[in-house]
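Just so we're aligned, residue 167 is where the sequence shown starts under this note's numbering, counting upward by one.
Using N, Cα and C, we set each Cβ at its ideal position, and we do this for glycine too.
Bear in mind the structure is a predicted one, so any value in this text is a computation, not a measurement.
What follows is one structure encoded as structure tokens, with my remarks underneath.
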Amino acid sequence: MGRLPLADLTVTLSDLPEHELEPIRDALTNGLTVETSGSTARPKRVRLSGSALVASARATAGEIGEGGWVLALPLSYIAGIMVVVRSLVAETPLVDARREPFDAREFVRLAASLPDGTWFTALVPAQLIRLVDFAEGDADARDALRSFSRILVGGQAIPSGLIDRATAMGIRVTKTYGSAETAGGVVYDGRPIGDTRVRIAEDGRVIIATSSLADEYHGDIELTATSFRVDDGTRWWHTTDVGELTDGELAIVGRMDDIIITGGIKVSLGDIDRVLESAGVDAVASWFADEKWGQVPALVSTSDLDRDVVRDLIELKLSKAARPYRFVTVPELPTLSSGKIDRRGLQELVANVES
């Protein structure tokens, strides 16, 4: 699947429709408001200045260099917007590769068609999984994906082993951490980029200071005041993520809002997810309300599980309180357009099913 001449490209360079490109170009001066993904709570409207967008793009360029960008993410979320911003700020080519649903074969065909040069793309884990699965059985696909100088992957937890599988094929993947509130990724492979600083608060919460920080939650003065706080003259965003810093490297270990109280005992749904993943159990943790116990763990899966085996595993690895007491089987897990698991949707499913 060798390189095709530029004239044979299925899309043209800088081919984003003008009605989509112009608002982002304008945002570099006037800023924009973007919604958070809303995977665990109601979406918030985040106001970002033009200088924050530019700072984020320059921090990325300072870390991985400049080159053309392939857009494979929706512009309804910050990750897709920032792909366009990076291209505009660096004045480099932009290729619109958005497809719904995402098609690994089509993406690989487009990647193989790109002219020689430095190219980047940004994906969510669900897209990378499909590409890695495809590339492991197709040498031409491996060649096409290896042609990217870097593939940024973020937006949600990345399955263990996925990066290793990609790396084994020579595909250069960087895990990113960030959000709408930081104008995209500000931590690459655990290390802050640009002028970003990361701290861990006393309650384990990750807090971030960076020049790409949002101005406010539009229309929510109270949430803005509690989330963005000034300490010694520096403005810090207090995330809902729980993390650890080891020799300057950040690891996200959970979320403040995935902690439930069952029978007076704290249980982390993120911990349950990690136990399931490490054991190869395809299920996601959620919870339901109970008059006696308060909040009770539950599991949602696309296939029937051996309940006793799963309960015993979770009790062994975590605690008796973490054992799930409701199992829900669905044809497919609810997801957002970004590819993230829809946690609110999961909880609604669990709440409407009898144990």
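For residue j and residue i, the rounded distance between their alpha carbons
i    : j    : result
T178 : V261 : Note that T178 scores a pLDDT of 42, beneath 50, so its modelled location is shaky; the value from the coordinates is reported in the next line. Cα to Cα, T178 sits roughly 7 angstroms from V261.
L175 : T258 : Here the model assigns L175 a pLDDT of 35, short of 50, so the residue's position is not dependable and the matter cannot be decided.
L526 : D304 : Any question about residue 526 goes unanswered here, given that the chain covers just 167 to 521.
I373 : R365 : 5 angstroms
L219 : I190 : 10 angstroms
P267 : L297 : 13 angstroms
G511 : P183 : 32 angstroms
G505 : V290 : 7 angstroms
E302 : A292 : 16 angstroms
L479 : L435 : 15 angstroms
D282 : E272 : 19 angstroms
T284 : V236 : 11 angstroms
V519 : E457 : 16 angstroms
M422 : L280 : 42 angstroms
T412 : H185 : 45 angstroms
A173 : D181 : Any reading at A173 is ruled out, since the residue's pLDDT is 34, under 50, leaving its predicted position unreliable.
R509 : D330 : 27 angstroms
R473 : D424 : 22 angstroms
I426 : G446 : 24 angstroms
A367 : D306 : 47 angstroms
M248 : A288 : 9 angstroms
E388 : T468 : 40 angstroms
E481 : Q461 : 17 angstroms
V200 : I244 : 7 angstroms
D369 : E188 : 42 angstroms
D386 : R395 : 15 angstroms
F300 : G246 : 23 angstroms
S485 : Y491 : 13 angstroms
G414 : G320 : 20 angstroms
D397 : T333 : 40 angstroms
Unbroken beta strand (DSSP E) run spanning residue i, endpoints
i    : result
I431 : I431 to S434
F314 : Neither: F314 is in no beta strand (DSSP E) and is coded neither H nor E.
D409 : Here residue 409 is Gly; the residue named in the question, Asp, does not match the sequence. T400 to T412 is the extent of the beta strand (DSSP E) around G409.
E201 : L198 to E201
A488 : Premise fails: A488 is in no beta strand (DSSP E) and is neither H nor E.
R363 : R363 to I366
I374 : R371 to A375
T495 : F493 to T495
G234 : G234 to L237
G351 : G350 to Y354
Host alpha helix (DSSP H) of residue i (start-end)
i    : result
E266 : Per DSSP, E266 belongs to no alpha helix (DSSP H) and is neither H nor E.
R510 : R509 to A517
G246 : I244 to A256
A391 : I387 to S393
G216 : G216 to I230
CB of residue i within 8 angstroms of CB of residue j, strictly
i    : j    : result
R264 : A223 : no
P463 : T428 : yes
D437 : V450 : no
R213 : H384 : yes
L254 : L198 : no
V496 : L471 : no
F314 : A277 : yes
L328 : I295 : yes
V433 : V419 : no
V274 : L311 : yes
S203 : L502 : yes
Q513 : W459 : no
S242 : S326 : no
A256 : E232 : yes
A375 : R338 : no
S378 : T340 : no
M335 : R308 : yes
V494 : V466 : yes
I230 : F286 : yes
A346 : I431 : no
Contact set for residue i: own chain, Cβ-Cβ below 6 angstroms, skip 5 residues either direction
i    : result
G344 : G350, G351 and V352
A225 : I359 and G360
R489 : R477, I480 and E481
K483 : V441
Own chain partners of residue i with C-beta closer than 7 angstroms, once the 5 adjacent residues on each side are dropped
i    : result
G216 : A193, L194, T195, N196 and G197
Neighbourhood of residue i by C-beta, 8 angstroms cutoff - its chain only, sequence neighbours within 5 removed
i    : result
G228 : I359 and G360
L416 : Y343, V353, G356, R357, P358, V364, V372, G409 and E410
I507 : S205, Q322, V450, L499, P500 and T501
D381 : G197, R213, L214, S215 and A218
L455 : Note that residue 455 is Ala in the sequence shown, not Leu. Excluding sequence neighbours, A455 sits near Q461, V462 and A517.
T392 : H404
Heavy atom of the ligand FMN within 7 angstroms of residue i beta-carbon
i    : result
Y491 : The ligand FMN is absent from the structure shown, which contains no ligands of any kind.
C-beta neighbour in chain B for residue i, strict 8 angstroms
i    : result
R208 : Here chain B cannot be found, since the structure has a single protein chain.
- prompt: Along the chain, which unbroken stretches of the alpha helix (DSSP H) at least 4 residues long are found entirely within the segment 421-485?
  reply: 435-444 and 473-483
message: Could you tell me which whole beta strand (DSSP E) segments of length 3 or greater appear in the segment 287-348?
response: 316-319 and 339-345
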